[in-house]
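Visitor: Here you go, one structure.
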Amino acid sequence: MTSTILSGKTFPKLFKWSFRRNRPIMVIFGVIMALGIILDLYVISQYTQESFYGTTLESEIASIGYVSIIIAQGGAMLLTFISALITFSYLHNKRSTDMFGALPTTRATMYLSHLLSGIAAVAAPFVIGSLAVMGITCRTTDYLMPDVMLILIGIIGIIASYSFTSVVAYCCGTILDTAIIALAANGIYAGCVGLFWGLASEMIPGIDFETALNIPVFPLFAPFSLCFFGDYYFTAGEFSTFGFTLIWGIIFTAAMIALGFYVSMKRKAESAQSDFNIKWVPIAVKAGVSVVCGGLIGCIAAISSESGYSNMIIFAFWYLIVSFVAFFILHVILQRGLKGKFLPSFAAYIGTTVAILALVFGMTYGLGLDTYVPSPAAVRSVKFGYDDIAYKDPENIKTITEIHKLITEGVREDEGYPYFLGSDRNNYNRYAYVDDYEYLDNNTVATGDEAEIKDDLENNYEKYPLCMSTGFHFRYSKKIGFATARDYYISHYNNCYDFAKIEALLQKLYNSEEFKKKDEPAVWNEKLRKEHNLYNAPTIQYMVYNYTSENYYTRYSTLGSTTLPQNDKFIDGLCEALAKDILADDTYYATRCYRSESAIYGKTYMALTIDYEDTNYYSLFDEFRTMTFADINVQIKENYTNTIAYLESNFIKTSIGYSELTTSFATPTDMFADSNDAYSDYIAFGIDGSEHTLRNLVYSVSDTLELTALMRADIHVDISSWNESNGEEFNQKLTERALQLFEEYKKDPANITSDYRTTYLEDQGATNDGKYYKIADMILSQLDTECESIVNDISPVIKK
Amino acid sequence: MLEIKNITKRFGDKVALNGLSFNIPEGSVFGLIGSNGSGKSTLLRIISGVYEPDGGTAEIDGVSTFENPEVKQQCFFISDFPYFYNNSTIENLADLYRDLYPSWNEEKFKKLSCMFPIGTKDRIINMSKGMQRQAALMLAISTDPKYILLDEIFDGLDPVVRQLIKKLLMELVVENKTTVIIASHNLRELEDVCDHIGLIHNGGVIMESDLDSAKLGIHRVQAVFEEDLGEGTFSDLNIVNITRQGRMMTLTVKGDGQEIEDAIRALKPIYMEMLPLTLEEVFISEMEAVGYDINNIIR
């Protein structure tokens, strides 16, 4: 039908004329967009690279672009609403229906031409303005895809909202009714969904409001919110949800346009300035508004009161009052007074009121939602914990449902049953939410739970490291297409749960082949390695984890790094060896343990990290790729014999003995120190394994304990024939000489200057005064010239 | 030819047109008259394709007008209150009609633009009621329609413009063989231009004929008799109305003029004269016949 109309003779003529009528909307929106762009340019002009430490100017400017486009979407939605009301106002005036009805065209052509011209009038400035924003804010293609996606969802939002409002316009007799119904329908739907999830998450353990936000249920029938939720999903990294929203937007729009054709054919011209064309619409709107208003105020009143049954009474009391007032006011507005049929509307109001109160009081007893666990046979896939891995192996699905069941067996005792509005759920003081382990660690005095937490550390965290490290988040995708999501924030203090059984199930899950393969997909997937350019920028790092439970931040030190050969065959061989070792590893589950290195290993091991560019980061519909920001990051343990053998056969030094070559010496407290006394500095020496040279590194450990290299210089010494004792001796002599030079140089006041900066420091964005940096630089230069004589002092040089 | 075939239209419980049927010949000027709320405007809206009839059809050359752009291209409807957007001018409306009506006559539009005393670039909404009608008519005539439907077109027009419009409509009929359908209560003006007349009341047709036949089918006779005759004396005649002024009787009688004259002369009147009827008098007479007279309304 659409194509017939579009190819007809009258369509382009009516489109042109209607589009011309929408020019004021275009101009207004264009001016708004232009002002936004000018503001962007002004803000950007105020930025300098120095404004940003730890981030880039480029990314900051790109984020301004994001904000501008999101604001443009807001403007687009507002003008979509206004434009749609104006464009279809000809339906609501008897005189204008005479004029338009008599024109030599069909009603369907009239509908489509008005719809498309209105959409074009809003979308054109939006697209042009957004592209301009992209032009002035995007420095690289990294930000291109997000912007394009935001523009795309914006356009779909405009079309969906416009077509929705047009359908409402055809159902209503006046502009006022159209405006009220269009706004109310959007608000009612989103409000009812929000109310349901809000009540459920407030009362029932396992139901989480934030989870609901990530399920694309909110914008389903509220097209004016579509692009905003789309933005939210995209920026939150919920790409599959974003993809669904995008597709749903298209489906919804197609349905609305089809409905628009239908109602345009059914609408009688004489309906202008008269009552609603579809009688149940105002009844439904009145009932819906009463639910949203009553529910919202009822919740606020109940939550702000004492917990218990009284809360439920308070909810019911306020719900009844506010919902009736809202219903009555809307009835008077829509019926233009008290005339008109009251009883059908009132019956609908009574029906919804009874349903809402039954639902809320039913939730007191959980409605079974708190203990519901899907049958494994009904589940197509499930995501569990903090990972985005979709488990499809029936055995793993069964394991996860068993874990879920064990959680639900303790949840009523843990959370207190029956449930009421305003309960203290998700309170971080009561619950050692594992994500906040460090928070608890640092706030034991503040919370007053010191003894409890210490006890927890000594017992549960050591005995059940997986239980304590796992977020009990379940995302089931069922075979029939529905989804079930549950999030439990369990107490680690109460013995409500069978942690021993849960720990065993978690070990089983995280030792499964499916987990191993999805945890490090690039090890198994050559295509993925190629797609992500893994072969071009790999590095290998060796790390030793010297765990001390007293200090989280100093529990390990980095020993050095080696550049791997940029050779496809080498990487493939490495992955093959790794695949064998990982599959054979019966303690692989430890990768999911909090402080896994202490719990499982407690000693030196290597970590292999191979980075790659995830060029498909914004791929929307490929779950595998979008969910796996895959670098290869594997802990190579002593029993990874295939990998170690492979590395050594390729002359890659894997000897952990290198660590003994590296040393560090604490310097006098004022050496390299800046005005902040919290800084303690030291010199460290490392080895560049591929070049077989010593590398001298001057590090400063900041008070936030983030390792930051302030200065670096290479000491060019060939150590390929050395052993560990050669290295130790060299380091000792080098350091002694460094300290001598320091004492010597600082005698000259000219060497102590705050103005000194090295290029390297500036590149790092250092902001301290650089008092001793000149000396440090002088020491390193001098050491480089002297290193040969120092090497000669080491005798005898032992050949390996 | 325009054929109205058994058209029924309801607005809720109210029946506006009830099985209306008649034909309007091509090239005629058809006056649609009737009481208030009789369904004249509704009929025009159905013919022009604005309203969809609940039953029956309005057909031009055998094709229904509703939802039929090809047929509607031959028609132009000016409603009793022509609609214009706030920023509409004659020129930008001409742009729309120029695109939509293949028969648009640019030369005629320019000629009319000079003829009518209104600015084509002025906002129509700011013009007087009469000027707005002129604007609408300018645009309508410029489309060279085969059928032009006019609802109360003479309202608010000064006598000069009324004459101008009548002249233009006549030209349209002569040059284009346009069929003009005018719904109006201004029977005096209709009498000047119409050659056919249709009288509708309560959604049904009371009379439909050419104007002359309508006028010839009803007669007024003034007569004075020697004796005071009772009304029963005229029972053989189809009397519509009798009034007396002294001995002077005025009779409104339906039927053949010669037969009526012969019948009255047979009563040997002292004085007798056959008087012509205006359309308004015909209308009133016809409406009285169906019980729609001032006495009934007042009661």
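Those sequence lines, one after another, are chains B and D. Read in order, the letters of the first sequence are residues 37 to 836 in this note's numbering. Read in order, the letters of the second sequence are residues 1014 to 1312 in this note's numbering. Even for Gly, the Cβ is constructed at its ideal location relative to N, Cα and C. These numbers were taken from a predicted model, which means no experiment stands behind them.
Tell me, please, whether the CB atom of residue 372 of chain B is closer than 9 Å to any CB atom in chain D?
Guide: With 9 Å as the cut-off, residue 372 of chain B does not count as an interface residue toward chain D.
Visitor: Please report the straight-line C-alpha distance between residue 1015 of chain D and residue 1071 of chain D, rounded to a whole angstrom.
Guide: Using only the alpha carbons, I get a separation of about 7 Å.
Visitor: Over the uninterrupted alpha helix (DSSP H) stretch that includes residue 605 of chain B, give me the two end residues.
Guide: First-last of the alpha helix (DSSP H) with residue 605 of chain B: 604 to 620.
Visitor: Taking the CB atoms as reference points, tell me whether residue 536 of chain B and residue 500 of chain B lie closer together than 9 Å.
Guide: Their beta carbons are under 9 Å apart, which means residue 536 of chain B touches residue 500 of chain B by this criterion.
Visitor: Between the beta-carbon of residue 379 of chain B and the beta-carbon of residue 318 of chain B, is there less than 9 Å?
Guide: Their beta carbons are not under 9 Å apart, which means residue 379 of chain B does not touch residue 318 of chain B by this criterion.
Visitor: What are the residues of the segment 116 to 138 of chain B that lie near chain D, defined by any Cβ-Cβ distance shorter than 9 Å?
Guide: Within the segment 116 to 138 of chain B, the qualifying residues are 126, 129, 130, 131, 132, 133, 134, 135, 136, 137, 138.
Visitor: Inspect the CB distances between the segment 1141 to 1151 of chain D and the segment 1049 to 1064 of chain D and report whether three or more fall short of 8 Å.
Guide: Too few Cβ pairs lie closer than 8 Å, so no.
Visitor: Name the DSSP beta bridge partners of residue 680 of chain B, please?
Guide: Per DSSP, none; premise fails for residue 680 of chain B.
Visitor: CA-CA distance, residue 58 of chain B and residue 194 of chain B?
Guide: So the two alpha carbons sit approximately 15 Å from each other.
Visitor: What does residue 306 of chain B reach in chain D if we use C-beta pairs closer than 8 Å?
Guide: Per Cβ cutoff of 8 Å: 1024, 1064.
Visitor: Tell me, please, which residues DSSP counts as bridged to residue 1263 of chain D.
Guide: Per DSSP, D:1235, D:1256.
Visitor: If you draw a straight line from the C-alpha of residue 1114 of chain D to the C-alpha of residue 116 of chain B, how long is it?
Guide: Rounded to the nearest angstrom, the two C-alpha atoms are 31 Å apart.
Visitor: Rounded to the nearest angstrom, what separates residue 1217 of chain D and residue 1302 of chain D at their Cα positions?
Guide: Cα-Cα distance, rounded: 14 Å.
Visitor: Are the C-beta of residue 50 of chain B and some C-beta of chain D separated by less than 9 Å?
Guide: Taking Cβ atoms only, chain D reaches closer than 9 Å to residue 50 of chain B, which makes this a yes.
Visitor: Go ahead and label residue 233 of chain B buried or exposed: buried means 16 or more other beta carbons lie within 10 angstroms of its beta carbon, across all protein chains shown.
Guide: By the neighbour-count rule (16 or more Cβ atoms within 10 Å), residue 233 of chain B is buried.
Visitor: Since residue 1080 of chain D meets chain B, which of its residues come closer than 8 Å, beta carbon to beta carbon?
Guide: Simply 142, 143.
Visitor: For residue 1053 of chain D, would you say it is in contact with chain B, using Cβ-to-Cβ distances shorter than 9 Å as the test?
Guide: Chain B contact via Cβ: absent.
Visitor: If you measure from the beta carbon of residue 1122 of chain D to each beta carbon in chain B, is any gap under 9 Å?
Guide: No, its Cβ sits nowhere closer than 9 Å to a Cβ of chain B.
Visitor: So, does the segment 347 to 364 of chain B touch the segment 255 to 275 of chain B, judging by three or more C-beta pairs under 8 Å?
Guide: With the cut-off at 8 Å, the segment 347 to 364 of chain B and the segment 255 to 275 of chain B do not touch.
Visitor: Exposed or buried, what is residue 322 of chain B when buried is set at 16 or more other beta-carbons lying within 10 Å of its beta-carbon?
Guide: Result: buried.
Visitor: Does any residue of chain B have a CB that is nearer than 9 Å to the CB of residue 1094 of chain D?
Guide: Closer than 9 Å to some Cβ of chain B, the Cβ of residue 1094 of chain D qualifies, so yes.
Visitor: Could you tell me the distance, in whole angstroms, from the CA atom of residue 108 of chain B to the CA atom of residue 274 of chain B?
Guide: If I take the Cα positions, the gap works out to 22 Å.
Visitor: Kindly indicate if chain B contains any beta-carbon less than 9 Å away from that of residue 1061 of chain D.
Guide: Closer than 9 Å to some Cβ of chain B, the Cβ of residue 1061 of chain D qualifies, so yes.
Visitor: Could you name the residues of chain B that residue 1086 of chain D contacts, counting a contact when the two beta carbons are closer than 8 Å?
Guide: Going along chain B in sequence order, the residues near residue 1086 of chain D (Cβ under 8 Å) are 140.
Visitor: Is it buried or exposed, residue 354 of chain B, if we count other Cβ atoms within 10 angstroms and call 16 or more buried?
Guide: Residue 354 of chain B comes out buried.
Visitor: Indicate the three-state DSSP secondary structure (helix, strand or coil) for residue 629 of chain B in the structure shown.
Guide: It is coil, neither helix nor strand.
Visitor: For a cutoff of 9 Å on Cβ pairs, would you count residue 1031 of chain D as touching chain B?
Guide: No, residue 1031 of chain D lies away from the interface with chain B (no Cβ there is under 9 Å from its Cβ).
Visitor: Tell me which residue opens and which closes the beta strand (DSSP E) that residue 52 of chain B is part of.
Guide: Residue 52 of chain B -> not in any beta strand (DSSP E); alpha helix (DSSP H) instead, spanning 46 to 57.
Visitor: Give every residue of the same chain whose Cβ lies closer than 6 Å to the Cβ of residue 1089 of chain D, excluding the five residues on either side of it in the sequence, and list them in chain order.
Guide: Within the same chain, residue 1089 of chain D has close Cβ partners 1153, 1156, 1158, 1161.
Visitor: Distance, Cα to Cα, residue 679 of chain B vs residue 251 of chain B?
Guide: So the alpha carbons of these two residues sit roughly 42 Å apart.
Visitor: Residue 1109 of chain D versus chain B: which residues are under 7 Å apart at the beta carbon?
Guide: In chain order: 53.
Visitor: Check whether the segment 150 to 166 of chain B and the segment 1123 to 1135 of chain D touch, using three or more Cβ-Cβ pairs below 8 Å as the test.
Guide: No contact exists between the segment 150 to 166 of chain B and the segment 1123 to 1135 of chain D.
Visitor: Count the other CB atoms, across all protein chains shown, that sit within 10 Å of the CB of residue 238 of chain B; report buried if there are 16 or more and exposed otherwise.
Guide: Residue 238 of chain B is buried by the Cβ-count criterion.
Visitor: Quick one: is residue 511 of chain B near chain D, going by C-beta distance under 9 Å?
Guide: It does not; no Cβ of chain D falls within 9 Å.
Visitor: Can you list the residues of chain B that residue 1160 of chain D reaches, using a CB-CB cut of under 8 Å?
Guide: Ordered by position in chain B, no residue passes the 8 Å Cβ test against residue 1160 of chain D, which lies about 11 Å from the chain.
Visitor: Cβ closer than 8 Å: which chain B residues qualify as neighbours of residue 1090 of chain D?
Guide: The answer, in chain order, is 134, 138.
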